[in-house]
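In our numbering, the protein residues as written are -5 to 266.
Rendered as structure tokens:
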């Protein structure tokens, strides 16, 4: 395994991304960024970035995935982390006095059932941890934030309600991406790719049949509009495979029946 010196991530101290970094990359330097575009743009030949790309409750983190597929970076590792959201207020706050909740849009979505019950205003901000810190700036006990376990022992805040996700089985996938393989996983049995079908009948179906013929199991298939090409779509695909020769065969066959096919990662997985 190569030593990883620097990892960029979107968010701030106390975010879920930082907790993943602390669990997996203790010797690296972590650098917080405000946007996913900035996060990926900072990656040089020896650096890496960590991105949350999909949640088990609300699906793909679109902004992260879009920026990743537009970059020249590759996925080298998947990390899956269980997410435990809590409603957090300033010390002395009471849940019955809360009039507004702030957090990252994904966190607000993942806790929508709980928030519907409170019937209060929701305000999206750029990350979960930052929403908690902003409570100090607002200095009011009528605003609460949604974030994770990092703040449980911080005496400036109080946990108003634990485990507020729509379902207890709440997980987020993170990708470690970069320009060179850090060689962290011996088994690389997962692939992520982008496919653009030809604008003609049956193009997508022909492409999917090739996966079937090669006995490749699809685990993700999601369509997204192509910027600047109304009503045209690209497809995010995950499939299981650890044979590079099969990948080459897949690419050779798909290029005959689709407009574009690009593998953006060959990787293994870690569960936290």
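Using N, Cα and C, we set each Cβ at its ideal position, and we do this for glycine too. Since we're looking at a predicted model, the values are computed, not measured.
Asked                                                                                                                   : Found
Residues that DSSP places opposite residue 118 in a beta bridge                                                         : 97
Under the three-state DSSP convention, the category residue 169 falls into                                              : strand
Same chain only: Cβ atoms within 7 Å of residue 105, ignoring 5 sequence neighbours per side                            : 79, 140, 158, 159 and 160
Pick from 263, 176 and 128 that is closest to residue 119, judged by C-alpha positions                                  : 128
Three-way DSSP call (helix, strand, coil) for residue 73 in this model                                                  : strand
Other residues of its chain near residue 116: CB distance less than 7 Å, five sequence neighbours each side excluded    : 95, 102 and 109
Straight-line Cα distance separating residue 18 from residue 27                                                         : 19 Å
Residues bridged to residue 0 (per DSSP)                                                                                : 23
Inter-residue spacing [alpha-carbon to alpha-carbon] between residue 237 and residue 165                                : 28 Å
Candidates 244, 114 and 1: closest to residue 204 by CA position                                                        : 244
Local Cβ density within 10 Å of residue 46, reported as buried at 16 or more and exposed below that                     : buried
CB of residue 261 within 8 Å of CB of residue 69, strictly                                                              : yes
Counterpart residues of residue 233 in DSSP-defined beta bridges                                                        : 185 and 212
Close-in-space but distant-in-sequence residues of the same chain around residue 266 (CB under 8 Å, 5 per side omitted) : 14, 17, 18, 73, 74, 75 and 76
Simplified DSSP state of residue 137, which is helix, strand or coil                                                    : strand
C-alpha gap between residue 48 and residue 259, whole angstroms                                                         : 15 Å
Minimum C-alpha distance to residue 88 - residue among 111, 137 and 131                                                 : 137
N-terminal and C-terminal residue of the beta strand (DSSP E) that residue 265 is part of                               : 252 to 265
CA-to-CA distance, residue 177 to residue 38, given in whole angstroms                                                  : 17 Å
Cβ shell of residue 107 (< 7 Å), same chain only, five flanking positions each side left out                            : 160
Below-8 Å beta-carbon distance, residue 9 vs any chain B residue                                                        : Structure shown: chain B not included; a single protein chain is present.
Cα-Cα separation, residue 252 to residue 8                                                                              : 43 Å
Cα-Cα separation, residue 172 to residue 227                                                                            : 26 Å
Residue 157: first and last residue of the uninterrupted alpha helix (DSSP H) it sits in                                : No alpha helix (DSSP H) holds residue 157; DSSP gives it neither H nor E.
Residue 8 (DSSP reduced to helix, strand or coil)                                                                       : coil
Where residue 242 falls: helix, strand or coil (DSSP)                                                                   : helix
Distance CB(residue 121)-CB(residue 200) smaller than 8 Å                                                               : no
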